[in-house]
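Heads up: the structure comes next, in structure tokens.
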Amino acid sequence: PAFSAKSLKVGPSRMRDVGMSMTMPTPPAAPYTLSHSRTPGWESPWVARPLESLSHRNIYEQLHNGGSTEEQLPDGSITDESWWPRTRKRARAYLLNNPHVPLLFRFINITFTTAALAIAIRIRRVEKRNNATGILGSSPTLVVIFAPLTLVHVMVAIYLEYFGRPLGLWRTSAKLAHTLLEVLFVCAWSAALSLCFDNFFTTPIPCASPSDVSWYSTLPWPPSPFGDNRGTAGESLCDDQLALICLVGIGLLMYCFSLVISLYRIFEKVKYH
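If you want it as structure tokens, here you go:
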């Protein structure tokens, strides 16, 4: 029989298509993989809610169950267990990464060191005016010696850290000397603080009541050159000595905070690099 050219070209193609065709399975109702990432999917309506309001521990389980995190998570989903670690992490990142944190502690240290120097000078002037030099011990003199050195050191540290070469470009010996100098001043102010406490409890004025020292001493008090402390120079000296203890203690804490933050930053850089 005679076949046209068109039938010769189309017929074999149709037979081949019929023989190779197969039915595809119907797609499942739910996808095989999780259709959401860590954040809600594109089909979820947008709401002005911060990312911290989502509990990341249960977000995958909630999305896998077919619900939206914005529908299943209540407003008070932040529990007490998740609040403290998140706050601690933010505070740690702020202290280690913010460049103004050491500067803040330096300025607080300068303020309280200057105030301690003024109180120590005032104590010595009151003692000389009443012919009782040294009645409060050697702690005011020690503060007068340490405070100017501390002010110079803090000023130089601020200049080197914020206006000099970056600390990363310093030599290892220079970094070590800078850190050890901080430790030296911490030790000096620790000695000054302990001496201030000792002079407050052992001065013959006296500043502390007998019941405050009865746990370690049963010796009678020596006669006070000021007699009754009420309304006299002795009461003023005791108040100034107590203020000196507070100022020296806060200045010592600022030095310790600066040293700890500096060491933490060095350790963090070493750990990651």
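This note's numbering applies: residue 521 is where the sequence shown begins, and numbers increase by one. Glycine included, every Cβ here is placed at the ideal spot set by N, Cα and C. Note that the structure is a prediction, hence the values are computed from the model and not measured.
Per DSSP, the continuous alpha helix (DSSP H) segment holding residue 719 begins and ends at 692 to 722. Sequence-distant partners of residue 737 (beyond 5 residues in either direction) whose C-beta falls short of 7 angstroms from its own C-beta are missing from its chain. With 16 or more other CB atoms across the displayed protein chains lying within 10 angstroms of its CB, residue 629 is buried. When the alpha-carbon of residue 642 is set against those of 664, 602 and 724, the nearest one is in 664. With a cutoff of 7 angstroms on beta-carbon distance, residue 637 and residue 761 are scored as not near each other.
The beta carbon of residue 754 lies closer than 6 angstroms to those of 725 and 746 in the same chain, with the five residues before and after it left out.
From the listed residues 652, 718, 689 and 633, the smallest Cα separation to residue 674 is found for 633. In this structure, the alpha-carbon of residue 652 lies about 10 angstroms from that of residue 744.
In the DSSP annotation of this structure, residue 542 is not part of any alpha helix (DSSP H), being labelled neither H nor E. In this chain, the alpha helix (DSSP H) harbouring residue 636 covers 621 to 649.
Around the beta carbon of residue 723, 16 or more other beta carbons sit within 10 angstroms, so the residue counts as buried.
Its Cα nearest to that of residue 710, the residue 659 stands out among 721, 615, 659 and 618. DSSP, read as helix, strand or coil, puts residue 758 in helix. Per DSSP, reduced to three states, the secondary structure at residue 617 is helical.
Judged by DSSP in its simplified three-state form, residue 736 adopts coil rather than helix or strand. CA-CA distance, residue 678 to residue 661, rounds to 26 angstroms.
Residue 716 sits away from residue 770, with the two beta carbons spaced by 7 angstroms or more.
With respect to residue 681, residue 779 sits apart: the two C-beta atoms are not nearer than 7 angstroms. In this structure, the straight-line span from the alpha carbon of residue 619 to that of residue 650 is close to 49 angstroms. Residue 726 carries a coil assignment under DSSP once its states are collapsed to helix, strand and coil. Here DSSP, grouped into helix, strand and coil, assigns residue 661 to helix.
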